[in-house]
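Quick note on numbering: our numbering labels position 220 of the sequence shown as 223, and the sequence is numbered without any gaps. Notes follow the structure.
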Amino acid sequence: MVDYVVYGRGCFDQLDEIIAPHRKDQAPMIFLVDHYFADNEAFKSRIPLRSNDQLVFADVSHEPKTDYVDAIAGRLREEFGTISGIIGIGGGSAMDLAKAVAIMMTNPGKAQDYQGWDLVKNKAVYKVGVPTLSGTGAEVSRTTVLTGPTKKLGMNSDFTPFDQIILDPELTRNAPKNQRFYTGMDCFIHCVESLNGTYINEFSRSYGEKAQDLCEIVFLRKDEWNEESDEQLMMASFAGGMSIAYSQVGVAHAVSYGLGYLLGTRHGIGNCIVFNHLQEFYPEGVATFHRMVAKNDIHIPQGITSGLTDEQFETMISVSLGIAPIWENALGKDWKEIMTRERLRKLYELL
Ligand SMILES: NC(=O)c1ccc[n+]([C@@H]2O[C@H](COP(=O)([O-])OP(=O)(O)OC[C@H]3O[C@@H](n4cnc5c(N)ncnc54)[C@H](O)[C@@H]3O)[C@@H](O)[C@H]2O)c1
Ligand SMILES: [Fe+2]
Numbered sequence: 004m005v006d007y008v009v010y011g012r013g014c015f016d017q018l019d020e021i022i023a024p025h026r027k028d029q030a031p032m033i034f035l036v037d038h039y040f041a042d043n044e045a046f047k048s049r050i051p052l053r054s055n056d057q058l059v060f061a062d063v064s065h066e067p068k069t070d071y072v073d074a075i076a077g078r079l080r081e082e083f084g085t086i087s088g089i090i091g092i093g094g095g096s097a098m099d100l101a102k103a104v105a106i107m108m109t110n111p112g113k114a115q116d117y118q119g120w121d122l123v124k125n126k127a128v129y130k131v132g133v134p135t136l137s138g139t140g141a142e143v144s145r146t147t148v149l150t151g152p153t154k155k156l157g158m159n160s161d162f163t164p165f166d167q168i169i170l171d172p173e174l175t176r177n178a179p180k181n182q183r184f185y186t187g188m189d190c191f192i193h194c195v196e197s198l199n200g201t202y203i204n205e206f207s208r209s210y211g212e213k214a215q216d217l218c219e220i221v222f223l224r225k226d227e228w229n230e231e232s233d234e235q236l237m238m239a240s241f242a243g244g245m246s247i248a249y250s251q252v253g254v255a256h257a258v259s260y261g262l263g264y265l266l267g268t269r270h271g272i273g274n275c276i277v278f279n280h281l282q283e284f285y286p287e288g289v290a291t292f293h294r295m296v297a298k299n300d301i302h303i304p305q306g307i308t309s310g311l312t313d314e315q316f317e318t319m320i321s322v323s324l325g326i327a328p329i330w331e332n333a334l335g336k337d338w339k340e341i342m343t344r345e346r347l348r349k350l351y352e353l354l
């Protein structure tokens, strides 16, 4: 779990004092910031750079890849040897990059070597997460999702969670409506998949029900977006992430990973594209989702797999079926008999 949590509007300005005790000799703090903020002078002036600290903009035009993690970690090792810590500021992509780079500062080899469960050997450098979009739960999770040469899979380990997170709802204020919806739906879908999975337990249920309720409040019951909505969605993301920490995601995520690997479809929108067609697995959740899409006037793309070759379908199917724990949570121990390659192909053809 994350060790320390600070929450509240404007709390981002406490970053300097929060990280101060973690500064080591001449080793810098690295601020890995979503490139969305690259031209935002007002925001940049709030980043507490001291002595040889570095501000690095994370290119998140694509979701994180293992070789990008290796490149950033390699550059930091070459320039500084060691660093005091890394502060990831941004959406799920920037936060995941920060977690992965922190791990690669203290573990040998390449990031791709650690895609899987409990492969990381050494404690990472000090890492802090500051979300600027709400929904992924990356701020609390024990994984960092990466696309590598052969798979799209997280580094799931006890060394992956942040040491500290700073939850400041004010930072999400300017998120565009569509992006906010897609990332928010990631949270809603985490809840549906966790609550309806075979791994469900009281820990996950307690957080999942609360998170789902908050998603429904902001996307269904309220008529306009306000400051309180940013606060509610930020806590939904936190609770949704806590829910899957002790369970797993489900069918939408498993299928969407295949899309992400082959077509580069982003996580939030990819989950929406898939979830839109999952009535047979999650009837209530999908009906609520359809109402949210209509109420918020959101466009969910269709037909993204039309024209793909057999080989491309096979690639997506293999990536998807490769993530056994997700399928086991979704469909039970006999999942291989239930989700055959043929059935999954039909599902991909619907998208
Ligand atoms: N580690 C986990 O547990 C976990 C869970 C779910 C998803 N993820 C990962 O999170 C990523 C998706 O994250 P996301 O949905 O937050 O989107 P994102 O981080 O990919 O960002 C989407 C876009 O929004 C921009 N952006 C960020 N903050 C903004 C703001 N305040 N205002 C306007 N634009 C802003 C980014 O620059 C980017 O262009 C994927 O890489 C996914 O794999 C990780
Ligand atoms: Fe997700």
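All residues carry an ideal CB built from backbone N, CA and C; glycine is no exception.
Beta-bridge pairing of residue i - partner residues as DSSP gives them
i: Phe34; result: Leu58 and Ile90
i: Val132; result: Per the sequence shown, residue 132 should be read as Gly rather than Val. Gly132 pairs with Gly91 and Ile168.
i: Leu149; result: Leu156
i: Gly288; result: In DSSP, Gly288 forms no bridge with anything.
i: Val104; result: In the DSSP output, where bridge partners are listed per residue, Val104 has none listed.
i: Val8; result: Ile168
i: Gly271; result: Answer by DSSP bridge pairing: none, since Gly271 is not bridged.
i: Trp120; result: Asn159
i: Lys68; result: Thr150
i: Lys27; result: Ala30
Spatial neighbours of residue i in its chain, beta-carbon cut-off 8 Å, leaving aside the 5 residues before and after
i: Met108; result: Ala76, Leu79, Arg80, Thr85, Ile86, Ile89, Ala127 and Val128
Minimum C-alpha distance to residue i - residue among the options
i: Phe284; options: Asn199, Ile33 and Asp166; result: Asn199
i: Asp121; options: Gly112, Pro134, Thr146 and Glu340; result: Thr146
i: Glu219; options: Arg49, Ala257 and Gly288; result: Gly288
i: Phe184; options: Trp228, Asp42, Asp116 and Gln115; result: Trp228
i: Trp338; options: Leu324, Pro304 and Thr291; result: Leu324
i: Leu353; options: His302, Pro328, Trp330 and Gln282; result: Gln282
i: Phe316; options: Ile303, Ala327 and Tyr351; result: Tyr351
i: Arg294; options: Gly306, Gly93 and Phe278; result: Phe278
i: Pro328; options: Leu156, Val72, Val221 and Gln57; result: Leu156
i: Pro152; options: Asp37, Asn177, Pro172 and Gln115; result: Gln115
Proximal residues to residue i (C-beta, below 6 Å), its chain only, five neighbours per side dropped
i: Leu262; result: Thr268 and Gly273
i: Asn125; result: Thr109 and Asn110
i: Tyr10; result: Leu170
i: Ser197; result: Ser207, Gly211, Ser246, Ile247 and Ser250
i: Phe191; result: Cys218
Residue burial classification, residue i (beta-carbon count within 10 angstroms, cutoff 16)
i: Arg224; result: exposed
i: Gly112; result: exposed
i: His270; result: buried
i: Gly103; result: This sequence places Ala at residue 103; Gly is not what is there. It is buried - the Cβ of Ala103 has at least 16 other Cβ atoms within 10 Å.
i: Gln29; result: exposed
i: Asn204; result: exposed
i: Ile341; result: exposed
i: Pro67; result: buried
i: Thr312; result: exposed
i: Gln305; result: exposed
i: Ser232; result: buried
Nonlocal neighbours in the same chain, by C-beta distance under 7 Å from residue i, ignoring five residues either side
i: His25; result: Ser87, Gly88 and Tyr129
Distance between beta carbons of residue j and residue i, contact taken as under 8 Å
i: Asn332; j: Tyr249; result: With 8 Å as the limit, Asn332 and Tyr249 do not qualify as a contact, their Cβ atoms being about 11 Å apart.
i: Gly244; j: Val143; result: 4 Å
i: Phe15; j: Val133; result: 7 Å
i: Pro164; j: Met4; result: 6 Å
i: Lys154; j: Gln118; result: 6 Å
i: Gly93; j: Thr135; result: 5 Å
Ligand 4 heavy atom lying under 7 Å from the CB of residue i
i: Gln182; result: Of the ligands one can find in the structure shown, namely ligand 1 and ligand 2, none is ligand 4.
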